[in-house]
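Which chain is which? The protein sequence lines are C and E, in order. Here the working numbering is used: position 18 in the first sequence is 90, and no number is missing along the way. Here the working numbering is used: position 51 in the second sequence is 55, and no number is missing along the way.
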Amino acid sequence: MRFPLSRAVLALAVMALAMVVAFVGTAICRALLEARGVEGFRHYPEIFARLFVLVLVAAWLVHGWKTRGGLFATDAPRWLRLSLWALLAGFLTSALDPWSPISDEMNVVRYSTSGFLLLASATLFAAQLAAYRWSTAPWHWVSRWFWGSRPPMKSCNCTKARARPWPARSPRS
Amino acid sequence: MTLNTQDAITLSVAVAGLILAALAQGVLRRLGHSGRLRDGERYARATGLFTLAGLAFFAAMLLDTFDWNLERGFLALVRTLVPQATAMPFYALSDTDHAIMRAANSLEEFLELTSAMLLFFMARAFVSREPVRTA
Numbered sequence: 073m074r075f076p077l078s079r080a081v082l083a084l085a086v087m088a089l090a091m092v093v094a095f096v097g098t099a100i101c102r103a104l105l106e107a108r109g110v111e112g113f114r115h116y117p118e119i120f121a122r123l124f125v126l127v128l129v130a131a132w133l134v135h136g137w138k139t140r141g142g143l144f145a146t147d148a149p150r151w152l153r154l155s156l157w158a159l160l161a162g163f164l165t166s167a168l169d170p171w172s173p174i175s176d177e178m179n180v181v182r183y184s185t186s187g188f189l190l191l192a193s194a195t196l197f198a199a200q201l202a203a204y205r206w207s208t209a210p211w212h213w214v215s216r217w218f219w220g221s222r223p224p225m226k227s228c229n230c231t232k233a234r235a236r237p238w239p240a241r242s243p244r245s
Numbered sequence: 005m006t007l008n009t010q011d012a013i014t015l016s017v018a019v020a021g022l023i024l025a026a027l028a029q030g031v032l033r034r035l036g037h038s039g040r041l042r043d044g045e046r047y048a049r050a051t052g053l054f055t056l057a058g059l060a061f062f063a064a065m066l067l068d069t070f071d072w073n074l075e076r077g078f079l080a081l082v083r084t085l086v087p088q089a090t091a092m093p094f095y096a097l098s099d100t101d102h103a104i105m106r107a108a109n110s111l112e113e114f115l116e117l118t119s120a121m122l123l124f125f126m127a128r129a130f131v132s133r134e135p136v137r138t139a
C-alpha cells in the first residue's frame with residue numbers, strides 16, 4: 073500500500089503551525105488583558121482552542137481554493153458540495169459560538185455530527201425500503217436484520233414484483 | 005506515565021482498528037488494481053469510505069483518551085527546545101489552564117464530525133446506482 077507520506081507530513085506541519093499561532097495569539101491576548109488590569113480571566117484555553125481550530129479551517133479553505141477541490145470543486149456532485157459546506161458551517165458555528173465552550177464537551181459541533189449520522193441512517197433506511205418489499209410487521213425487520221434475507225412475506229402491500237436492485241446482476245451471467 | 009485499564013482497552017482497540025482499517029485499504033487497492041472489483045465498484049468505494057471513517061474515529065478516540073499524555077509530551081518538547089527564561093509565560097499559560105488538552109478535545113470533536121460525514125458518504129456510495137459495464 074502506497075501511503076501519501078508527504079501529505080501526512082504536511083498535515084502534521086499545519087497542525088504544529090496552528091498550535092504555534094494559537095499559542096502566540098493567546099499570549100498576546102493575555103498580555104493585552106493584563107496590561108489593561110484584567111486579572112483572573114478564565115477563558116484563555118478557550119481562546120487557544122478556537123484559534124487552533126480556525127487556523128486549521130483556514131488552511132483547509134486555502135488548500136481547497138488553490139487546488140479547486142473540496143468546497144470549491146465545480147465538477148463534484150451537488151450533495152457532496154452541500155455536505156462539505158455543511159461541514160464548514162459546523163466548524164465555523166462551533167468556533168464562533170460565544171455561548172457554548174468548544175473544549176468542554178458542550179459544543180454545537182455535536183449537532184452537526186448527529187445530523188450527518190441521521191442523514192446516513194436515513195439514506196440506508198430509504199435504500200432498504202427501495203430494495204426490499206415493505207411491511208408494517210416489526211418482526212420482519214427484526215428477522216431481516218438478524219438473518220439477512222428471508223423467504224417472501226405473506227402479508228405485503230406490494231402487488232407486483234419489482235426488479236431487485238441489490239445485489240447487482242453480473243453482466244456475464 | 006500511568007495507564008489505567010480503561011485507557012489500555014481503548015488504546016488496544018483503537019490500534020487494532022487502525023491496523024485493520026489500513027489493511028482493508030491496502031486490500032481494496034490491490035483488488036482494484038487486479039480488476040476483480042469491476043462489477044462491485046460502489047461496494048469497494050463504500051468499504052473504503054467506511055475504513056476512512058473508522059480511521060478518523062479511532063484517531064478521535066486516541067486524542068480523547070490520551071489528551072493528558074499529549075499535553076505532557078508537548079510541554080516536555082517545549083521545555084527541551086526552548087530555554088528556561090524565554091519559556092516562562094508559556095509554562096504559566098499551559099501548565100495552569102491545560103490549553104493543549106483542550107485543543108486536543110476540540111480537535112477530537114472535529115474528527116468525530118468528519119467521521120460522521122464520511123459515514124454519510126459511505127451510505128451515499130452504497131446506494132448509488134452506477135451503470136453496469138458490459139465491456
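For every residue, glycine included, the Cβ atom is placed at its ideal position computed from N, Cα and C. All figures in this text were calculated on a predicted structure; none of them were measured in a lab.
Could you pull out every residue in the same chain whose Cβ sits closer than 6 Å to the Cβ of Trp137 of chain C, ignoring the five residues on either side in sequence?
Phe144
Taking Ala129 of chain E and Arg46 of chain E to be in contact with their CB atoms under 8 Å, please state how far apart those CB atoms are, rounded to whole angstroms.
6 Å
Sequence-distant residues of the same chain with beta carbon closer than 8 Å to Ile174 of chain C, five excluded per side
Glu118, Ala121, Arg122, Val125, Ser166, Ala167 and Val181
Do the stretch 100-111 of chain E and the stretch 68-84 of chain E make contact, defined as three or more Cβ pairs closer than 8 Å?
The count of Cβ pairs closer than 8 Å, one atom from the stretch 100-111 of chain E and one from the stretch 68-84 of chain E, reaches three, so the stretches are in contact.
Could you confirm whether any beta carbon from chain E is found closer than 7 Å to the beta carbon of Glu170 of chain C?
The sequence as given places Pro at residue 170 of chain C; Glu does not occur at that position. The beta carbon of Pro170 of chain C sits no closer than 7 Å to any beta carbon of chain E.
Test item: CB-CB of Asn179 of chain C and Ser172 of chain C under 7 Å:
yes
If you run the structure through DSSP and keep just helix, strand and coil, what is Ala110 of chain C?
Correcting the residue type first, residue 110 of chain C is Val in the shown sequence and not Ala. DSSP places Val110 of chain C in coil when its eight states are reduced to three.
Terminal residues of the continuous alpha helix (DSSP H) containing His40 of chain C?
One cannot answer for residue 40 of chain C here, as it falls past the ends of chain C, which runs 73 to 245.
Reduced DSSP category for His37 of chain E - H, G, I as helix; E, B as strand; rest coil:
helix
Close Cβ partners of Glu75 of chain E (< 6 Å) along its chain, the five nearest in sequence each way excluded
Ile104 and Met105
Starting from the Cα of Ser184 of chain C, find the closest Cα among C:Arg102, C:Ala161 and C:Leu201 and give me that residue.
C:Ala161
At the 7 Å Cβ level, is Asp101 of chain E part of the contact set with chain C, yes or no?
Interface flag for Asp101 of chain E against chain C is set, since a Cβ pair is found closer than 7 Å.
Could you check whether the Cβ of Leu159 of chain C sits closer than 7 Å to any Cβ belonging to chain E?
yes
Please classify Thr51 of chain E: does DSSP put it in a helix, a strand, or coil?
helix
I'd like to know if the stretch 141-158 of chain C and the stretch 78-95 of chain C are in contact, where contact means that at least 3 CB-CB pairs between them fall below 8 Å.
no
Contact between the stretch 109-120 of chain E and the stretch 22-29 of chain E is defined here as three or more beta-carbon pairs at a separation below 8 Å; is this criterion met?
no
Alpha carbon to alpha carbon, how far is Phe124 of chain E from Arg102 of chain C?
41 Å
From the beta carbon of Arg106 of chain E, is the nearest beta carbon of chain C less than 7 Å away?
yes
So Gly21 of chain E packs on Gly58 of chain E, CB below 8 Å; how close in whole Å?
Indeed, because the Cβ distance is near 6 Å, the residues count as touching under 8 Å.
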